[in-house]
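In the UniProt record's numbering, the protein residues as written are 1 to 226. Even for Gly, the Cβ is constructed at its ideal location relative to N, Cα and C. Okay, structure first, notes after.
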Amino acid sequence: MMLHVMTTNAMSGGELTSPRRCYGCAYDLALGNETQTYITYVMRRVELLKNAGIHPILVFDGKKVPLKANTHDKRQSLKDSNRDLAMKSLHDAQHLHGDERKEKMMKAHNMFQRSIKVTSEIIYAVHAALRKANVEFVVAYVPIFHHACLWIDFLALSSPFEADAQLVYLCKVHKASAIITEDSDILVYCITANVAVPILLKLESPSGMCKVRSVDLHIQLMAPLS
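Here it is as structure tokens:
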């Protein structure tokens with residue numbers, strides 16, 4: 001769901017909407033407490049990029065990939081187990097004091113982070129925040145996309161399945177000039193699609209520091225095999 005060196009070029013990113021963006025409010029989300037921390041985080045990142053003269057395109061995951069159903073189920077099961085462990089540690093901490101209590105609370109928080117599920121409610125809340133801030137966005141492959149205003153400050157696309165393919169496609173059709181993500185799997189998509197753009201990993205806020213990867217060399221190495 002984006003770097004100072006660019007001025008007017010668009011850059012696409014899925015990093016803003018990863019589960020890690022909810023780490024700061026993992027405890028509240030797990031216990032059903034009301035929180036907007038993840039919304040604040042997304043909006044601050046958007047402002048960071050816009051203030052650098054960058055036109056960001058935020059890409060949301062769409063439907064689950066059918067071929068990954070088993071993997072998805074295993075991940076969900078693991079998250080459920082982590083939440084159970086977190087709740088147990090939280091319960092145990094209530095009967096402890098001092099360092100032992102702190103240790104249990106830390107374990108609970110870590111397990112809550114590993115149990116985060118980015119639900120449709122969370123995504124809809126982010127969408128609502130974008131609307132409230134008068135930040136226009138479009139959903140890919142539905143009629144509203146074709147009726148969107150030509151001049152928009154911010155785009156938020158909902159890809160048909162995972163965001164990776166959509167990110168690479170935007171670069172392939174020259175709608176974006178680079179990609180921000182936390183998933184290095186994007187390199188495989190770029191090589192397969194013969195797309196050579198800067199890939200920004202682990203963008204830090206507010207410093208703007210990140211790791212930059214290029215697929216130029218990878219594509220050159222793969223060319224003789226294609």
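Could you round the C-beta distance between residue i and residue j to whole angstroms and report it? I think they count as a contact, below 8 Å.
| i | j | result |
| --- | --- | --- |
| Ala163 | Ile39 | Ala163 to Ile39, Cβ: 19 Å. No contact. |
| Ala26 | Phe112 | 4 Å |
| Ile54 | Leu170 | About 14 Å separates the two Cβ atoms, so there is no contact after all. |
| Ser177 | Val197 | 6 Å |
| Val59 | Gln166 | 5 Å |
| Ala30 | Ser115 | 6 Å |
| Gly62 | Tyr41 | Wrong, their Cβ atoms sit about 22 Å apart, outside the cutoff. |
| Asp92 | Lys104 | 5 Å |
| Ile179 | Leu200 | 7 Å |
| Met43 | Ala128 | Their Cβ separation, rounded to whole angstroms, is 12 Å, which puts Met43 and Ala128 out of contact at 8 Å. |
Tell me which residues share the same chain as residue i and place their Cβ nearer than 6 Å to its Cβ, disregarding the 5 neighbours each side in the sequence.
| i | result |
| --- | --- |
| Ala193 | Val168, Lys172 |
| Leu150 | Bear in mind that a pLDDT of 36 at Leu150, under 50, signals an unreliable position, so the number given afterwards is only what the model happens to contain. Excluding sequence neighbours, Leu150 sits near nothing in its chain. |
| Asp28 | Thr35 |
| Gln220 | Model confidence at Gln220 stands at a pLDDT of 45, short of 50, so the residue's coordinates are unreliable and nothing is read from them. |
Just to check, is the beta-carbon of residue i closer than 6 Å to a non-hydrogen atom of the ligand COA?
| i | result |
| --- | --- |
| Thr40 | No copy of the ligand COA occurs in the structure displayed, which carries no ligand at all. |
Beta-carbon within less than 8 Å of residue i's beta-carbon, same chain only, minus the 5 sequence neighbours each way: which residues are those?
| i | result |
| --- | --- |
| His146 | Here His146 scores only 33 on pLDDT, less than 50, and its place in the model is too uncertain to base an answer on. |
| His174 | none |
| Gln76 | Lys117 |
Starting from residue i, trace the alpha helix (DSSP H) in both directions and tell me its first and last residue.
| i | result |
| --- | --- |
| Gly98 | 98-113 |
| Thr35 | Run containing Thr35: none; DSSP gives neither H nor E here. |
| Leu90 | 69-93 |
| Lys132 | 120-132 |
| Cys190 | 186-192 |
| Ala165 | 163-172 |
Under 7 Å Cβ to Cβ from residue i, same chain only, skipping five residues before and after it: list those, please.
| i | result |
| --- | --- |
| Asn82 | Met111, Arg114, Ser115 |
| Lys117 | Lys79 |
| Thr71 | none |
| residue 259 | Nothing can be reported for residue 259: it is not among the residues displayed for the chain, which extend from 1 to 226. |
| Leu96 | Lys104 |
Inset, instruction - Count the CB pairs spanning the segment 80-93 and the segment 102-109 that are closer than 8 Å, and state whether there are at least three. - result: yes
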